[in-house]
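Visitor:
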Amino acid sequence: MVGIKFPTFAVDFQTTMERASITRIEKYLWVLAVLMVLPALLTNLGMMPFIDDEAIRALVAYEMDLSGNYIVPTLNGETYLNKPPLYNWILLGFFHLFGRYDEFVSRFATVVSSIGFAITIFLVFRKWLNTRVAILSAFLFLTCGRILLYDSMLGLIDITFSWVTFLGIYSVYHFYKKEQWYALFLVSYLLAAAGFMMKGLPSVVFQGSTLLVFFIWKRDWRRFISLPHVLGGLLFLLLVGGYYYVYSLECSVDEALLNLFSESTKRTATEYGIGRTILHLFTFPFEMLYHFLPWSILAIIFLSRRTWARIRQQEFLQFLILMFLANIIPYWISVEVYPRYILMLVPLFFGVVASLYQDYNTQEGYLKKTLEVIYFIFLLLLTFSASLPFWYAETPEVSYLNLKAGFLLGSLLCLIPIYYKFPVTRLTVIVLALLIGRLGFDWFVLPQRLENDWGQVCKTSTIEAIEIAEIAPIIYENTSFQVTNSFYATITAQDFIRRQDPPFEVGELIIFDPNIYVDFKYEEICRLYLRFKKREQILGRFLGYNDIRENPED
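Start counting at 1 in the sequence shown, then tack on 623, and there's your number in the working numbering.
(1) From the DSSP secondary-structure annotation, give me the bridge partner or partners of K1157.
(2) Three or more beta-carbon pairs under 8 angstroms between the segment 846-865 and the segment 811-825, yes or no?
(3) Is the distance from the Cβ of M776 to the Cβ of L948 below 8 angstroms?
(4) Could you give the C-beta distance for Y1145 and F1119, rounded to a whole number, given that I count them as a contact under 8 angstroms?
(5) Tell me which same chain residues have a C-beta within less than 8 angstroms of the C-beta of R1158, skipping the five on either side of it?
(6) Answer with buried or exposed for F884, where buried requires no fewer than 16 other C-beta atoms within 10 angstroms of its C-beta.
(7) Using C-beta distances below 7 angstroms, list every residue in its chain close to V976, excluding the 5 sequence neighbours before and after it, in chain order.
(8) Contact defined as beta carbons within less than 8 angstroms: I believe F762 pairs with I770. What is the distance between those atoms, to the nearest angstrom?
(9) Less than 8 angstroms separating the beta-carbons of W840 and L945?
(10) With a threshold of 16 other CB atoms inside 10 Å of the CB of L809, please say whether the residue is buried or exposed.
(11) Would L715 pass as a contact of A684 if the rule is Cβ separation under 8 angstroms?
(12) Between F764 and chain C, is any beta-carbon pair separated by less than 8 angstroms?
(13) Distance check for E1074 and L790, CA to CA, integer angstroms please.
(14) So the beta strand (DSSP E) I1097 belongs to, where does it begin and stop?
(15) What does DSSP give as the partner residues of T697 in its beta bridges?
(16) Give the straight-line distance between the Cα atoms of L652 and P825, rounded to the nearest whole angstrom.
(17) For a quick check, are the C-beta atoms of S736 and I679 less than 8 angstroms apart?
(18) Which residue marks the beginning of the beta strand (DSSP E) containing E1147, and which one marks its end?
(19) If we count the other Cβ atoms within 10 Å of its Cβ and call it buried at 16 or more, is S1022 buried or exposed?
(20) Could you tell me the alpha carbon to alpha carbon distance between Q830 and S785, rounded to whole angstroms?
(21) In the DSSP assignment, what are the bridge partners of A1134?
(22) By DSSP, does R1122 sit in helix, in strand, or in coil?
(23) At the level of alpha carbons, what is the spacing between E873 and V695?
(24) Please report the Cβ distance between Y796 and F1013, rounded to the nearest whole angstrom; I am assuming they are in contact, meaning their Cβ atoms lie under 8 angstroms.
(25) Touch check for the segment 1028-1045 and the segment 997-1009: three-plus C-beta pairs under 8 angstroms?
(26) Which class does H989 belong to by DSSP, given the choice of helix, strand or coil?
(27) When we look at the beta-carbon of N1138 and count the other beta-carbons within 10 Å, is it buried (16 or more) or exposed?
(28) Go ahead and pull the three-state DSSP assignment for Y868.
(29) CB V1047 to CB E649, shorter than 8 angstroms?
(30) Hey, how far is the Cα of K1156 from the Cα of S1008?
(31) Helix, strand or coil for G722 per DSSP?
(32) Quick one: Cα of M911 to Cα of P962, how far?
(33) Identify, in the order they occur along the chain, each residue of the same chain with its Cβ nearer than 7 angstroms to the Cβ of R730, setting aside the five sequence neighbours on each side.
(34) How far does the alpha helix (DSSP H) with K801 in it extend, from its first residue to its last?
(35) Would you say the segment 1086-1095 touches the segment 1053-1072, given that touching needs at least three Cβ pairs under 8 angstroms?
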């Protein structure tokens, strides 16, 4: 890397603001990045079959349409207690808009939330930082590994929930600065209620942690213990309580709320013990750094001697750090935590490091040089990977292969001299390279995965089984039948796939595990497959019990 001129950063805030204007080359690159977002996020979005968590959301939404009951969610016709229904209502809106229930539509809702979240990040950070930091932070969020190559590709609840939660956290700062006390509590509790109606108790924890730490920081107990706060809490209770009152007219509220509490506490030390919890305290930071690569590497900026002095100069950066620390603690001490649970906190981190990166001090240039060498090597590796379709023996058959591979390789090759010649654009170049890489992933990796994906076998076998049956079969007693299978079976049958205990009528169609249930006679119609341990189940016609089980209720 000898010969590369690394940029310097001014010390004072005034010079920083002067440098905040975006150069012409940056504008061109950002325009290209914006144009790349939709192709990157939408190409082959519906190609892969559902995983179980996606299928739960889609099936619960579809069963609402089947039953006409939009208050009490069900799964396989039984009351579903793990989540309130708001996200299912949102998903239903997309299903109705497209007129179909499938992987693409479910994941399209996630893409809409991802882009909406990124736009929100841009608008918030532009107001309190500057345009360069704002657009960079938004794209750091969209192109971090966890979002770009996983969560944005799945029809899960978490990005939408995180977007709402991020807005709730920010609303506290926004209205406090405006001294609009009623708006502060009413809006933040309104968003907390929306979060609760999507995911339950985590929203309460976020709201409580945010308000408590914020007002301790501001040393403003008078505002914390005030009429506006009481009214905000009452608004939350009115919205959530109103739903559960209507819910109580059909089902037990106690059971629903106890289940929500259980869902929120099962990942803590009470479930896993103190040993695993202590181990998790050490491994958690490194796991999160891994999942949010390549941008989590920017954390080395905190090694700078002047970082904390810079943070003390700007209140909004202090707010971002405090909210990040206050809200990540519950997850840090919980053993079973997935990166998607903290997506609402990721922009807080990116906003800080993007701002610090822009302001970097010349005396600490070795850290910045280290970052830019790392990202240059990453760009070279990504460019090399774009050449694989031309010579890699296991490249899948893709239409217009040479044209697509040529576009990827040519685009990345063009970015290398820009990275070298225009230091101010270097992170922008990596953002654009990542979006190009995601498009290549869509074109070449997903088709190859589909060819070898057992989930596709499970999907196909389930659909074919229901088409042969022509009616909705019954899941026999405790037969393992994954939610993905249930979704495809329900959509194909356009009826509930219910689980039922004996006795059965002769001639009824049942799905059962032949390795467990051997006490009855049946006529095998076909076999279908599950992801879990590649289990094989039978769709058969019930013909009666064997002599060893004369009374099926014994």
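Even glycine gets a Cβ: it sits at the ideal position worked out from N, Cα and C.
Guide: Let's see:
(1) Partner(s): none; K1157 has no beta bridge.
(2) yes
(3) no
(4) Rounded, the Cβ-Cβ distance is 22 angstroms, inconsistent with contact.
(5) S1103, D1136 and Y1152
(6) exposed
(7) L921, A922 and I924
(8) 10 angstroms between Cβ atoms; not a contact.
(9) yes
(10) buried
(11) yes
(12) The structure shown has no chain C; it contains just one protein chain.
(13) 40 angstroms
(14) I1097 to Y1099
(15) T702
(16) 38 angstroms
(17) no
(18) F1143 to Y1152
(19) exposed
(20) 13 angstroms
(21) According to the sequence shown, residue 1134 is Ile rather than Ala. Bridge partners of I1134: I1098 and L1162.
(22) strand
(23) 8 angstroms
(24) That belief does not hold up - the Cβ atoms of Y796 and F1013 are roughly 51 angstroms apart, past 8 angstroms.
(25) yes
(26) His is not the amino acid found at residue 989; the sequence shown has Tyr there. Reduced to three states, the DSSP call for Y989 is helix.
(27) exposed
(28) helix
(29) yes
(30) 33 angstroms
(31) coil
(32) 7 angstroms
(33) L668, G669, M776, L777 and G778
(34) First-last for K801: undefined, no H or E at that position.
(35) no
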